Amino acid sequence: MITLDGSIMPEFMGTPLSLTALRVMGDTGKSFPLISGTGKIFGLYFLEDVDETQTFFFPNGAARKIEFKMTLKQKTKPGTLANNIISSVLG
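Numbering-wise (the numbering used here), the sequence shown opens with residue 52 and increments by one.
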């Protein structure tokens with residue numbers, strides 16, 4: 052398992068829709084590739100959980116800062132990603 056922490060600050064970077072997209076991906080029950088910002092492939096992972104905390108609010112009630120923690124579970128080991136992606140696409 053991997054736990055990743057992050058922050059979204061809609062005034063400066065990110066959007067709450069990013070967390071919605073992650074939850075939709077998790078709800079599919081499918082695994083997705085985990086790829087670093089430098090392009091390193093870590094394998095396929097399932098999104099197990101996403102927790103968020105909203106703080107510092109705009110006058111309309113929207114959060115100025117959203118901190119989140121997501122938990123990922125590995126489906127495959129690195130090096131087998133290409134085979135598993137092909138299998139996922141083909142059924």
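Ideal Cβ placement from N, Cα and C applies to all residues, glycine included.
All values reported here derive from a predicted model rather than from experimental measurement.
Exercise for review: Give me the Cβ distance between I53 and L123, rounded to the nearest whole Å; I'm assuming they're in contact under 8 angstroms.
Suggested key: Cβ-Cβ separation between I53 and L123: approximately 5 angstroms, consistent with a contact (criterion under 8 angstroms).
Do you know how far the Cα of D102 is from the Cα of G65?
One C-alpha to the other measures close to 16 angstroms.
Residue environment, F119, which counts as buried when at least 16 other CB atoms sit within 10 Å: Label assigned to F119: buried.
Taking only the alpha-carbon atoms, compute the straight-line gap between F108 and P67 and give it to the nearest angstrom.
-> Looking at the two C-alpha atoms, the distance is approximately 13 angstroms.
Hey, could you find the ends of the beta strand (DSSP E) M121 is sitting in? Counting along the chain, the beta strand (DSSP E) containing M121 begins and ends at 114-125.
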